[in-house]
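The structure appears below as structure tokens.
Numbering (this note's numbering), first residue to last: 1 to 616.
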């Protein structure tokens, strides 16, 4: 009894602490681009959408309708669902014993994969809640297939069917396990269980109907277009990545738990082991053939939720030293997860990651961009329309400006993320139309590879006509760079001169500089060429470059599409002494570019570290 009371108290303490931490993070972490798009979907309510079933958008719409268009307004329904998840795991594990159930609940609270669940308004939150509801329904049906079991099962199947395409895999594994177990086959003959399954299948009708009406756009994206469906060596690393994220000893314990399928085990144990083990195996195999370009490390969470109830029974067989090591690693993993999220929530934390592969670009710079757009709109005529380069900008600016109908250009990112069909349905993908109103075009320059920028600028010229000089918005030392074009009414004729494209070959990002600095790079400017270039350090001029040296490789890098009259003589070099007034530490190199017609623009380059003054 004392152990039971201690386990329950530990669970409650951990649960309250993590709920508070998640609430703080949800109130401070900038809106993720997918969340912004779900907010936009919530402003265009429908039974289903091109990327997902309808539940995520409905929850966001409910949250903002009751609490307003702010971070917690978007996220509070998902925080509630994530807060309920450990309690549902306790209920699922109850047939294994009350003590084991509370221990499983405590492990769920501190499990690194569930620690942040609900901080972001993402479909994985209701989907994983649905998976645990189905686990409860299944374990109840294996013992007593009555109305109570059917209610749990129906709730899980309906919520899952309205949450995500990936829930199809969870359903398939659950059905297979029920067919494998004698008690499961008996349950499948009971009317209440069949009614629950029927309701679960009906939950997919809105999504199926949407796909039938729109040429299967959703199915094709989720099941065909986004996956290469051929072996990839990166996919072989998927289990290793999971081992690190779950923490090695806990991962090993879960693999051992998944093997507890012998007939000597209780039916509840076999249910959890088979559901968790088969789901995990399925995702490991899928990882070899599926999309590796986008985040997928969170996919196996339904498997881990099925295996967590078995860990309190499996781990006592270990020595006390191994158990302490396992729990210590879990706490380390939890702390690292929370610390990383808190770091991203801080503007200084995001700025510190600028230029690295860990820079959270999908969280960064949206507030600064929205402020710049508001300022620019204030200087333009009333009724000016905002046009976004792609769906990310359209959704984020829409949330910030309270406008869910910002027009969007046709862009590869819209297709890449499965949002093009939905934008077309809303009539927002016709932004290139020329009308009689002023327009503010917002282009995410940093979302394109350097080699792709020229072709993108040229496509803008073809669609919109001559472009005026752009206002530049740079955030986090230029890691995020946006261009604002004020487009007057009608199509502007004449030469279209897009922004300059520049690159500093060296110094490179992260280099330490002392004394005399040697700098080399190149810059092209369509049609009018470049007259002169100045080196900037933290926005201040420190040198003028020697521009006009030959570099034939630049033309090939730009796919021979550039019409800069100076090509191939577009390379520059400079040698200059660092000013004595420059402090040691991190600084940003940049360029001030003057075109052949006198137009000036600035460009931020690599972050460099200046050594101590004694070394200069």
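Using N, Cα and C, we set each Cβ at its ideal position, and we do this for glycine too.
Beta strand (DSSP E) segment containing residue i, residue limits
i, result
"residue 304", "Element bounds for residue 304: not the beta strand (DSSP E) but the alpha helix (DSSP H), 301-307."
"residue 548", "546-549"
"residue 590", "585-595"
"residue 475", "471-475"
"residue 501", "501-506"
"residue 485", "480-487"
"residue 530", "530-537"
"residue 289", "Where residue 289 is concerned, there is no enclosing beta strand (DSSP E), although the alpha helix (DSSP H) it sits in stretches over 267-289."
"residue 573", "571-577"
Burial state of residue i (16 or more Cβ within 10 Å)
i, result
"residue 474", "buried"
"residue 134", "buried"
"residue 228", "exposed"
"residue 517", "buried"
"residue 24", "exposed"
"residue 605", "buried"
"residue 525", "buried"
"residue 50", "buried"
"residue 127", "buried"
"residue 111", "buried"
"residue 614", "Bear in mind that the predicted position of residue 614 carries a pLDDT of just 47, short of 50, making it too unreliable to give a figure here."
"residue 378", "exposed"
"residue 40", "buried"
"residue 335", "exposed"
"residue 382", "exposed"
"residue 202", "exposed"
"residue 617", "Outside the shown range of the chain, which is 1 to 616, sits residue 617, and nothing can be said about it."
"residue 617", "The structure shown does not extend to residue 617, since the chain is modelled only from 1 through 616, so no value can be given for it."
Spatial neighbours of residue i in its chain, beta-carbon cut-off 8 Å, leaving aside the 5 residues before and after
i, result
"residue 325", "249"
"residue 241", "297"
"residue 200", "153, 154, 156, 157, 158, 160, 161 and 171"
"residue 99", "3, 4, 7 and 312"
"residue 546", "572, 573 and 574"
CA nearest to the CA of residue i, picked from the options
i, options, result
"residue 230", "285, 125 and 289", "289"
"residue 400", "322, 347, 35 and 3", "35"
"residue 451", "390, 405, 375 and 561", "561"
"residue 542", "513, 555, 612 and 578", "578"
"residue 407", "385, 256 and 413", "385"
"residue 144", "267, 282, 410 and 575", "267"
"residue 217", "202, 347, 178 and 416", "416"
"residue 573", "555, 522 and 611", "522"
"residue 623", "380, 376, 375 and 422", "Residue 623 falls outside the range modelled here, since the chain spans only 1 to 616, and no answer is possible."
"residue 442", "502, 478, 449 and 366", "366"
"residue 610", "593, 601 and 587", "587"
"residue 490", "466, 472 and 508", "466"
"residue 44", "213, 283, 337 and 405", "405"
Extent of the continuous alpha helix (DSSP H) run through residue i
i, result
"residue 376", "366-379"
"residue 386", "Counting along the chain, residue 386 falls outside any alpha helix (DSSP H), though it belongs to the beta strand (DSSP E) covering 385-388."
"residue 221", "From DSSP, residue 221 is part of no alpha helix (DSSP H); its letter is neither H nor E."
"residue 516", "Where residue 516 is concerned, there is no enclosing alpha helix (DSSP H), although the beta strand (DSSP E) it sits in stretches over 516-524."
"residue 422", "420-425"
"residue 143", "124-143"
"residue 196", "191-202"
"residue 65", "55-67"
"residue 414", "412-416"
"residue 21", "2-28"
Strand pairing of residue i, partner residues [DSSP]
i, result
"residue 447", "Beta-bridge pairing links residue 447 to no other residue."
"residue 604", "590"
"residue 609", "512 and 586"
"residue 442", "388 and 484"
"residue 465", "492"
"residue 541", "536"
Sequence-distant residues of its chain with Cβ nearer than 6 Å to residue i (five each side left out)
i, result
"residue 207", "48 and 53"
"residue 351", "476"
"residue 621", "The shown model of the chain, from 1 to 616, leaves out residue 621, and the question about it has no answer."
"residue 33", "362 and 392"
"residue 123", "52, 56, 163 and 164"
"residue 596", "528, 529 and 531"
"residue 511", "608"
"residue 594", "531, 532 and 600"
Residues of its chain near residue i, where Cβ-Cβ distance is below 7 Å and the 5 sequence neighbours each way are ignored
i, result
"residue 79", "22, 23, 26 and 118"
"residue 17", "none"
"residue 155", "133"
"residue 372", "473 and 484"
Cutoff 8 Å: residue i Cβ touching any chain C Cβ
i, result
"residue 253", "Given the protein chain composition of this structure (a single chain), no chain C is represented."
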